Amino acid sequence: MTDRSSPKEPNRRPPIAVLVAAIIAVAVLALPLVGLLQRTPWSTLGTRLGETATLEALRVSVVVSLLAAAVSVVLGLPLAWVLARLTFRGRALVRAVVLLPMVLPPVVGGIALFFALGRKGLVGRALQDWFGVDTLIGTTAGAVIAAAFVSMPFFVITAEAGLRQLDTRLESAASTLGAGRWTVLRRITLPLLAPSLAAGATLSWARALGEFGATITFAGNHPGRTRTLPLAIAQANEAGQPEAAIAMSVLLIGVSLLILIGLRHRWIAPRTSQPDTSSETSPS
Amino acid sequence: MSIQAEIHAATGGFAIHAAFDAPTGSCTAIVGPNGAGKTTLVHALAGLIPLRQGKIVLAGQVVEDPAQGIQTPPDRRPIALHSQHNLLFPHLSVVDNVAFGPRCAGLAARPARQRAEEWLSRVGLADLAGLRPAQLSGGQAQRVGLARAAACQPAVLLLDESLASLDAETRTDVRHLLADIEATRVLITHDPVETRVLADQLLVMEKGEIVQTGTPEEVAGDPRTPWTAGLLDINLLTGTASGTQVALHSGVVLTTATPMTGPVLVTFSPAAVTLSTVEPHTSARNTWEAEVARIQPESDRVRVLLGAPVPCQAWVTPQAVGELALSAGSRCWAALKATELTVREA
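Residue numbers (the numbering used here), protein chains in the order written: chain A, 1 to 284; chain B, 1001 to 1346.
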């Protein structure tokens, strides 16, 4: 049983059982996609994607997901900073609440949002009384809120991890050189954090792009306002138009794959060393 | 800018208690074993660690005083710090690192860059301006870090082992640079030569407290702790070399084994000096008649401080003091082998 082979050994054969299990796992994940691609009407794909309803859903998806990502960054960055840098009672609880949407079924989130922000909801009534906001339900703003609800945690955990890895001595050094808090934040903290922020923002955008449950439950399914690509796909599928559903699905898969491939170093297989400060740049 | 400091501070359960004054433009060297609290002391001066008690006064202005509730943040203190870890900003080029301080002081991009380039050439690194910190060697990074702190043109410059990883040649250049800087300097060092050449005042720290203060000569002549003695037990003379001859300022010429030209530092151990009552006829290249300035018995040896014309120390046994009838004001002959002398560029 004593295996003394060094970890450097290049061709260590994995046990057969592990290989088989891994291949089955890939099959489970990939086969549905293969099935979809095999049924894809490639010849008419162009025209299908050019249809008004599809383009409209794509537009809503892009607007909603980008706005949700922006909300995640603007609100999530201060939150990540608080979680990473401050010690306070109940921090573990706050973090758990913040990350809850990652594990919660989105439909639960949608229902929760409905009871909080709906016309008779806790905050919804206040919004109406104080700001004259009639209702968020059925509006693009509502869809953005639903998408931000499920996607912000992805940004927060990525940014918090980045902040924790940051060498705070660099910030101290900047302050001894005469940099005030804002200058330190702007010229040292944020630039050093940039790779984490980019990864977190992209992840939360990707999550928002695929959002379905919370959106349809809270914001509803209104063409041009809240009907994003995932909602349009479900709609087409239920309405007996599988080819339209497939075409839009292929579009969504393509976009998502591009994002994940772009992120492969940042999140999926993060490098162990500090984010690129190394030999990538050459003297000018 | 003068410094008056009384510092009671703590980091990670380790407390320091230290008080010292430094006049405007002076250089104070802090020496002490590792873990003595030297870095904690300069961090407290810089404002990176809050005082628990005490006061920091710069040029008559209270910068920090917990009793009055005054705590000026690091960026508002006229102090720049060069840390032993350099802490260069990895995302900025070398020149932008050095220009960081001037930019924070409100200088526009172009003049800030100009000043940074000036300082880079003063530390001999003008041609590395476009590199990233990750591309520098340890010694280069140290010089960039030093240039970055100096480019702030601070009234007080704190240097935490700023010359530690430099090779002998650049070390001399940088030492000259530090000697020329107008700022009031506080420097942590482990190098006896640096201490003797740069410092007007020496603070010896051990276990979080200052155990001895004085000029380097005073402390070297009467080290209060074994650690201090170990660090400073070295004779240092300055003179002008011409081949293997070094003319001291007193006019005495010493013979060395290393040919050099120009201003030099000559160092040798107190153990290398032998004393006798009559002019010795030995193989030693250097002999002179000396006046005994002071005699100081220590546990197992006697430290004899010689005055003109070659001020230095010699260690002898207690028996030798009796045999040679040494006492303050008496005269004796000193001998020193040329091969015992270390000569380096001043």
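Where is the CB? At the ideal position from N, CA and C, for every residue including glycine.
Note that the structure is predicted; figures quoted are calculated from it, not measured.
Problem - Own chain residues within Cβ distance below 7 angstroms of residue 134 of chain A, not counting five before or after - result: Excluding positions up to five away in sequence, the list reads 128.
Practice task
At 7 angstroms on the CB atoms, spell out the chain B contacts of residue 178 of chain A, in chain order.
Solution key: Ordered by position in chain B, the residues that pass the 7 angstroms Cβ test against residue 178 of chain A are 1075, 1101, 1104, 1105, 1152.
Problem - Nearest to residue 74 of chain A (by Cα), restricted to the options A/204, A/237, A/178, A/252 - result: Nearest C-alpha to residue 74 of chain A: A/204.
Handout entry: Against chain B: residues of the segment 172-197 of chain A by CB proximity under 9 angstroms
Key = Within the segment 172-197 of chain A, the residues whose Cβ lies closer than 9 angstroms to some Cβ of chain B are 172, 173, 174, 175, 176, 177, 178, 179, 180, 181, 183, 184, 187, 188, 191, 192, 194, listed in chain order.
Problem - Best match in B/1234, B/1082, B/1267 for proximity to residue 1246 of chain B [C-alpha to C-alpha] - result: Of the listed residues, the one whose Cα sits closest to residue 1246 of chain B is B/1267.
Exercise for the section: Decide if the segment 1154-1165 of chain B is in contact with the segment 1006-1020 of chain B; the criterion is three or more beta carbon pairs, one per stretch, under 8 angstroms apart. Expected result: Per the Cβ contact rule, the segment 1154-1165 of chain B is not in contact with the segment 1006-1020 of chain B (fewer than 3 Cβ pairs under 8 angstroms).
Exercise for the section: Starting from the C-beta of residue 253 of chain A, find all residues in its chain whose C-beta is less than 8 angstroms away, skip the five residues before and the five after it, and write them out in chain order. Expected result: Non-local beta-carbon contacts of residue 253 of chain A in its own chain, meaning distances under 8 angstroms to residues more than five positions away in sequence, involve 33, 36 in chain order.
Problem - beta strand (DSSP E) segment containing residue 1079 of chain B, residue limits - result: Annotation for residue 1079 of chain B: the continuous beta strand (DSSP E) segment containing it runs 1079-1082.
Exercise for the section: Report yes or no: do the segment 1203-1214 of chain B and the segment 1222-1242 of chain B share at least 3 C-beta pairs separated by less than 8 angstroms? Expected result: They touch, by the three-pair rule.
Exercise for the section: Write down every uninterrupted run of the alpha helix (DSSP H) in the segment 1152-1186 of chain B whose length is 4 residues or greater and which is fully enclosed by it, in chain order. Expected result: Counting whole runs of 4 or more residues, the segment 1152-1186 of chain B contains the alpha helix (DSSP H) stretches 1168-1180.
Exercise for the section: Please state if the CB of residue 77 of chain A and the CB of residue 159 of chain A are separated by a distance shorter than 8 angstroms. Expected result: With contacts defined as CB atoms closer than 8 angstroms, residue 159 of chain A and residue 77 of chain A qualify as a contacting pair.
Practice task
Note the first and the last residue of the continuous beta strand (DSSP E) segment covering residue 1331 of chain B.
Solution key: For residue 1331 of chain B, the enclosing beta strand (DSSP E) begins and ends at 1331-1336.
Handout entry: Residue(s) in a DSSP beta bridge with residue 1296 of chain B
Key = By DSSP's assignment, residue 1296 of chain B forms a beta bridge with B/1303.
Practice task
Give the range of the beta strand (DSSP E) segment to which residue 90 of chain A is assigned.
Solution key: First-last for residue 90 of chain A: undefined, no H or E at that position.
Exercise for the section: Within the segment 171-259 of chain A, note down every full alpha helix (DSSP H) run reaching 4 residues or more, in order along the chain. Expected result: 181-184, 190-209, 229-238, all fully within the segment 171-259 of chain A.
Problem - Separation of residue 192 of chain A from residue 276 of chain A, as counted between CA atoms - result: Since pLDDT at residue 276 of chain A reaches only 40, below the 50 mark, its modelled position is unreliable, and the value read off the structure follows with that caveat. When only Cα atoms are considered, residue 276 of chain A and residue 192 of chain A end up about 9 angstroms apart.
Exercise for the section: Only counting runs of 4 or more residues, tell me where the alpha helix (DSSP H) segments fall wholly within the segment 1030-1105 of chain B, in order along the chain. Expected result: Those alpha helix (DSSP H) runs which fall completely within the segment 1030-1105 of chain B and span 4+ residues are 1038-1046, 1094-1104.
Handout entry: Straight-line gap, residue 1140 of chain B to residue 1101 of chain B (C-alpha atoms, nearest Å)
Key = One C-alpha to the other measures close to 19 angstroms.
Handout entry: Sub-8 angstroms separation of residue 1309 of chain B and residue 1264 of chain B beta-carbons
Key = Going by C-beta atoms, residue 1309 of chain B is not nearer than 8 angstroms to residue 1264 of chain B.
Exercise for the section: Consider the Cβ of residue 1085 of chain B: report whether some Cβ of chain A lies at a distance smaller than 8 angstroms. Expected result: Closer than 8 angstroms: yes.
Exercise for the section: On a CA-only basis, which of A/259, A/243, A/257 is nearest residue 46 of chain A? Give me that one, please. Expected result: Minimum Cα-Cα distance from residue 46 of chain A among the listed residues A/259, A/243, A/257 corresponds to A/243.
Handout entry: Cβ pair residue 1130 of chain B, residue 1083 of chain B closer than 8 angstroms
Key = Taking 8 angstroms as the Cβ cut-off, residue 1130 of chain B and residue 1083 of chain B do not qualify as a contacting pair.
Problem - Chain-ordered neighbours of residue 170 of chain A on chain B, where CB pairs are closer than 9 angstroms - result: What residue 170 of chain A touches in chain B: 1087, 1088, 1089, 1090.
Practice task
Could you name the residues of the same chain whose beta carbon sits closer than 8 angstroms to that of residue 1212 of chain B, not counting the 5 residues immediately before and after it, in chain order?
Solution key: Short of 8 angstroms from the beta carbon of residue 1212 of chain B, and not among the five residues preceding or following it, lie these beta carbons of its own chain, in chain order: 1202, 1203, 1204, 1219, 1223, 1224, 1225, 1228.
Practice task
Determine the chain A residues that contact residue 1056 of chain B at a beta-carbon separation under 8 angstroms, and present them in chain order.
Solution key: Near residue 1056 of chain B there are no residues of chain A at all, since even the closest Cβ is about 14 angstroms away, more than 8 angstroms.
Problem - Distance CB(residue 1027 of chain B)-CB(residue 1272 of chain B) smaller than 8 angstroms - result: For residue 1027 of chain B and residue 1272 of chain B, no; Cβs fall outside 8 angstroms.
Exercise for the section: Rounded to whole angstroms, what's the CA-CA distance from residue 1105 of chain B to residue 1151 of chain B? Just pull it up for me. Expected result: Between the C-alpha atoms of residue 1105 of chain B and residue 1151 of chain B there is a straight-line separation of about 10 angstroms.
Handout entry: Residue-chain proximity (residue 1187 of chain B, chain A), Cβ-Cβ < 8 angstroms
Key = Not an interface residue.
Handout entry: Contact check, residue 1079 of chain B vs residue 1044 of chain B, beta carbons under 8 angstroms
Key = Residue 1079 of chain B is not a Cβ neighbour of residue 1044 of chain B, given a cutoff of 8 angstroms.
Exercise for the section: Determine the burial state of residue 1018 of chain B: buried for a count of at least 16 other Cβ atoms within 10 Å of its Cβ, exposed for fewer. Expected result: Residue 1018 of chain B should be labelled buried.
Problem - Other residues of its chain near residue 1282 of chain B: CB distance less than 7 angstroms, five sequence neighbours each side excluded - result: For residue 1282 of chain B, where only same-chain residues beyond five positions count, the Cβ hits under 7 angstroms are 1335.
Exercise for the section: Whole angstroms is fine: what's the gap from residue 202 of chain A's alpha carbon to residue 39 of chain A's? Expected result: Spanning the two alpha carbons is a distance of roughly 30 angstroms.
Handout entry: Contact with chain A by residue 1148 of chain B, beta-carbon distance below 8 angstroms
Key = Chain A contact via Cβ: present.
Practice task
Please state whether DSSP places residue 1262 of chain B in a helix, a strand or coil.
Solution key: DSSP places residue 1262 of chain B within a strand segment (E or B) once states are collapsed to three.
Handout entry: DSSP bridge partner residues for residue 1205 of chain B (one or two, in chain order)
Key = In the DSSP output, where bridge partners are listed per residue, residue 1205 of chain B has B/1210.
Problem - Under 9 angstroms from the C-beta of residue 1080 of chain B: neighbouring residues of chain A - result: Under the 9 angstroms cutoff, chain A gives 176, 177, 178.
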